[in-house]
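Numbered per mature numbering (1 follows the signal peptide of the UniProt record, and there is no 0), the sequence shown spans residues -20 to -1, 1 to 436. The C-beta atom is built at its ideal place from N, Cα and C for all residues, glycine as well. In what follows, a single structure is set out as C-alpha cells and then discussed.
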Amino acid sequence: MVRQFSFCFLMVCCAGQVMASAEPSVSDMPNILFLIADDLSTRLGCYGDRVAITPAIDQLAREGVLFERAYACGTVCTPSRKSFLTGMGVRTVGWGNNNYLIDNPDAMTMPRWFREHGYQTAKVGKVQHKDAFEGALDWDLNMNTTEVFPSGNEGKVVEKLVSDDGRQVVDVHIRRDDQPSMDESRTDAFMKFVDQQWDSSKPFFFALGFHAPHEPHEANRRHYDLYCAEEMPISVPPPGATPMTKPYPASFRRWSVEVPEAAQREAVLGYYGAVSGLDEQVGRAMDFLEERDIADNTIVVFISDQGYCLGYRDCWAKHLLYPAVLRVPLIVRDPRMKRGDIRVEGLVELLDIFPTLTEMAGLPTPGGLDGASFVPLMVDPSKRGRPATYAQGILHLGRGKAVTTETATYLEWDGGEFTEFYNLKADPDAWHNQIGNPEGAGAVNRHRLLLRGHFE
C-alpha cells in the first residue's frame, strides 16, 4: 500500500520564503530520488545544446527548477562526491583522500542523516566512488550486492578511438538493442526496490548512480543511431585563445592529445549516444514513479559529479579547473511547487544539496556544513546565489585551485606561480586569459584574495 502524503512543505511565493513544520511526522515526509550521472556536462537540450537528444531530462527541467550555474568542487569523482554527500567543501574532505569516511566514521553524510530521521535509505550503482568508501551507517540496503549488471556481452561492439600516434582517446561500448545496458539494469534495481523491498511505512531516500556517460561510453545501438558523426560539434579554439599557463603533466598524456577531426566527431558521437542512453533511463524512472502513483510525493534531484572536456584544450577527460568541467547539471523537481520550468541564474554548489533536501523534507539540518540551502532561489529565482564557488583539482597533485564568481573565474597553480583569469561575461568558455590585462588588475586581485581566504 502506498503511503499517503500531506503537504507540510508549503511554497509561499508571495512572501518569498518557505515554511515547513519544525519536525514532520514520517507520514508527512516526501520520498527522495537522487539521480547521479557520471561525467555529464551541460550538453543537454534543456541547457541549450542543439545536438543532444534528451527528452526525458528536458521534461524533468520543465517540471522543476534548473540551475544554470551549479558547480562541483572537485574535478574527478571522489572529491566531488564526498563533498555533496557530506555538504562539506574539498578543503575539508580532501582532494585526493578516498578514505575520508573510513578515517572519519563520525562524519555525517546525507543518506545517514535521512536514515536517522525516519527514512529508508537504499542505493544502486556509483554513489561514492566505490562501495568501500561509503559511510558505514549510510544505507539500509545496498543493491550493488545483488546482480544488477548485464548478464552477458555477446554481440557488444567495442570501438577504441586513437590519436595519430596510437594512443587511445575514447572507448565506446555499443550494446545490442535487446541487451540491457548497465544503467538499464540499475534502473531495474530501483524499480525492484520500490515494488519488493521498500518499507512503505517510511519515506525512501534512494540514490541511483548511473554509469553514463563515463568512459567507456556505453549505450544501446539505438542511442548511437540517433546521431550522425558528420554533424557532431567539435571544440575549436577561437582566435587569440591562450594556452594553459601550466602544461599537462606527463601522467596526463592519454587524455591530452591532438586528434584528427573525423575521430573527434566519432568521439563526440560516442559521448552523446551514452547521454541519450542515460536520458532513456531517467525517463523510465520518472514513468515508473507515475505508474506506481508516487510521483506526487517524490522529490527528484538530477546531477552530475563533474563535467567533461570532450576536446576542449585537447583534453578528452575531466581533471581541469575550467567551466567545461566544474559547471554541472542540477535539476530539482518538487511536485509540491505550484509551477515548474524555473531557471535559476544564481551560483550554487553541489554541496548545497544536503541542506536543501533537509529543508525541503522539513528536517533539521546538521550544524557545521559548508553547504547552504538554495530553497530561497527555488522560490524566488531572481535572488542572488553564492558570492563565489570554489574547487580544487587532482591534476598536478592538487596544486590547482579555482574560484568562480558571477563575472569571472580565477585559477592558481602551485601557490600562484601560474595564474589564469577569465571574464565569463565576455568569454564563458574560458579561452582568453586576462591575467596580464592592466584593465582587469583590480578584479584579478579581488579574486585572488577570495581564493586564498577560502583555502588558507
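- Sort out for me which residues DSSP pairs T399 with in a bridge. E392
- Buried or exposed: A369, going by 16 or more other Cβ atoms within 10 Å of its Cβ? The question names Ala, yet the displayed sequence has Thr at residue 369. So T369 counts as buried.
- Where does K381 land, buried or exposed, given buried means 16+ other C-beta within 10 angstroms? buried
- Going by CA-CA distance only, name the one from I322, G54 and I415 that's closest to G396. I415
- Task: Could you have a look at Q286 and say whether DSSP puts it in helix, strand or coil?
- Result: coil
- Task: Using only alpha-carbon positions, find the residue among G348, L24 and A341 that is nearest to residue 439.
- Result: An answer regarding residue 439 cannot be provided, because it is not within the stretch -20 to 436 covered by the chain.
- Task: Measuring alpha carbon to alpha carbon, tell me which of D38, D332 and P356 ends up nearest T345.
- Result: D332
- Could you work out which residue in G257, D168, P160 and M224 is closest to H197 when comparing CA atoms only? G257
- Query: How about L310 and T55: do their beta carbons lie closer than 9 Å?
  - Reply: no
- State the Cα-Cα distance for the pair T101 and Y207, rounded to the nearest angstrom. 38 Å
- Task: Give every residue of the same chain whose Cβ lies closer than 7 Å to the Cβ of D350, excluding the five residues on either side of it in the sequence, and list them in chain order.
- Result: G67, M68, G69, T72 and L331
- Expressed to the nearest angstrom, what Euclidean distance is found between the alpha-carbon atoms of P160 and A50? 32 Å
- Going straight from the alpha carbon of L81 to that of Q108, what length do you get? 10 Å
- Message: If you follow the beta strand (DSSP E) that V45 is in, where does it begin and where does it stop?
- Response: V45 to F47
- Item | Environment of P193 [buried if 16+ CB atoms lie within 10 Å] | buried
- Note the first and the last residue of the continuous alpha helix (DSSP H) segment covering A242. E241 to E271
- Query: Of the residues H153, D18 and K103, which one's Cα is nearest the Cα of F288?
  - Reply: Per the sequence shown, residue 288 should be read as Tyr rather than Phe. The candidate whose alpha carbon is nearest that of Y288 is D18.
- Item | Proximity below 9 Å, CB of G44 to CB of V312 | yes
- Quickly, what does DSSP pair G348 with across the bridge? List them, please. In the DSSP output, where bridge partners are listed per residue, G348 has none listed.
- Cβ pair G253, A199 closer than 9 Å: yes
- So what's R426 in DSSP terms, helix, strand or just coil? helix
- Item | Nearest to residue 438 (by Cα), restricted to the options P4, P335 and L65 | Residue numbering for the chain in the displayed model covers -20 to 436; residue 438 lies beyond these limits and cannot be assessed.
- At a cut of 8 Å, does the segment 115 to 125 reach the segment 86 to 103 through at least three beta carbon pairs? yes
- Query: When the distance is taken between beta carbons, is E139 closer than 9 Å to D151?
  - Reply: yes
- Between which two residues does the alpha helix (DSSP H) harbouring D83 extend? Y80 to D83
- For V355, the nearest candidate out of A304, G348 and T338 (CA to CA): T338
- Item | Endpoints, the beta strand (DSSP E) within which D151 is located | Q148 to R155
- Message: How far does the beta strand (DSSP E) with Y204 in it extend, from its first residue to its last?
- Response: First-last for Y204: R201 to Y204, but that is the alpha helix (DSSP H), not the beta strand (DSSP E).
- Have a look at R23, D360 and F282 and flag the residue whose alpha-carbon is nearest the alpha-carbon of I33. R23
- Item | Where P124 sits in the DSSP three-state scheme | Sequence inspection shows Asn at residue 124; the Pro mentioned does not correspond to that position. Of the three classes helix, strand and coil, the one that applies to N124 here is helix, per DSSP.
- Message: Only counting the same chain, and skipping five residues up and downstream in sequence, which positions put a Cβ closer than 6 Å to that of E114?
- Response: Q108
- Message: Using CA atoms only, rank isn't needed, just tell me which of R293, E210, R323 and A388 is closest to Y228.
- Response: R293
- Between the C-alpha atoms of L300 and L327, what's the straight-line distance to the nearest angstrom? 19 Å
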